[in-house]
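Chemist: Submitted below is the structure of interest, expressed as structure tokens.
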Amino acid sequence: MTGRVTEAVSESGIADGICVVHTRHTTSAILINEDEDGLKRDIIKKVSEEFPDDWPWLHNRIDSNAAAHVAASFIGNSVTIPVVSGRPCLGTWQSVFFLELDGPRSSRIVTVQVLG
38 MTGRVTEAVS ESGIADGICV VHTRHTTSAI LINEDEDGLK RDIIKKVSEE
88 FPDDWPWLHN RIDSNAAAHV AASFIGNSVT IPVVSGRPCL GTWQSVFFLE
138 LDGPRSSRIV TVQVLG
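For the sequence shown, our numbering assigns the number 38 to the initial residue and increments by one for each residue that follows.
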């Protein structure tokens, strides 16, 4: 997602402001972290441990994805990134990620809004 966010900021023409990255789905999340394969696997493993599908979720009586909804609530559906000199102001090791919690799905919508 980082490349897409950088592209959206560049195309906006905004030099200084903020960029909001938001998923429009209640079973996915947006986060910022290091783009390292082991860490990405650790995050997925820990989310699965903390929000197991087989826990007695009440929502599962009508749909079998309660764990995804609850995990998304804890992780968050958006991040805000400063825009400085026309670029997202991310740290050396920071990358923007979309985390699918109820998939795979055929399509998801992520909104990138740049304000300044």
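Positions of the beta carbon are idealized from the N, C-alpha and C atoms, including for glycine.
As the structure is a computational prediction, the values presented were derived from the model and not from experiment.
1. Taking the straight line between their C-alpha atoms, what separation do you get for S42 and D100?
2. Please classify D72 as buried or exposed, where buried requires at least 16 neighbouring CB atoms within 10 angstroms.
3. Take the Cβ of H207 as the centre, count every other Cβ of all protein chains shown within 10 Å, and call the residue buried at 16 or more, exposed below.
4. Taking Cβ to Cβ, would you say S85 is nearer than 9 Å to F135?
5. Starting from the N-terminal side, write out each stretch of the beta strand (DSSP E) that is 3 residues or longer and does not extend beyond the segment 74-105.
Modeler: Looking at the coordinates:
1. It is worth fixing the name first, because residue 42 is Val in this sequence and not Ser. Near 32 Å, if we compare the C-alpha coordinates of D100 and V42.
2. With fewer than 16 other Cβ atoms within 10 Å, it is exposed.
3. An answer regarding residue 207 cannot be provided, because it is not within the stretch 38 to 153 covered by the chain.
4. Taking 9 Å as the Cβ cut-off, S85 and F135 do not qualify as a contacting pair.
5. Runs of the beta strand (DSSP E) lying entirely within the segment 74-105, each at least 3 residues long, are absent.
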